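Have a look at the structure below, then the notes.
Numbering (my numbering), first residue to last: 83 to 132.
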């Protein structure tokens with residue numbers, strides 16, 4: 083998908099499945115696509131879990 087919010091939602095789901103590396107990559111993709119409302123903070127919150 084080319085919508086950053088979709089990637090943020092995917093990352094959130096992966097995070098809640100404890101799939102940290104995949105969640106990190108999805109948050110990074112969300113940010114790359116311009117999602118700035120939630121993805122940056124969410125990515126920061128999982129950095130120590132990756």
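Note that CB positions come from ideal geometry on N, CA and C, so glycine has one too. Just so you know, these numbers come straight off a predicted model, no measurement behind them.
Spatial neighbours of residue 124 in its own chain (CB-CB distance under 6 Å, excluding positions within 5 residues in sequence) are listed in chain order as 109. 119 is the residue among 126, 119, 103 and 99 whose C-alpha sits nearest the C-alpha of residue 88. With contacts defined as CB atoms closer than 7 Å, residue 102 and residue 131 qualify as a contacting pair. Beyond the five residues adjoining it in sequence on each side, residue 111 comes within less than 6 Å, by CB distance, of 89 in the same chain, given in chain order. The beta carbon of residue 122 sits closer than 7 Å to those of 113, all from its chain and outside the five residues before and after it, given in chain order.
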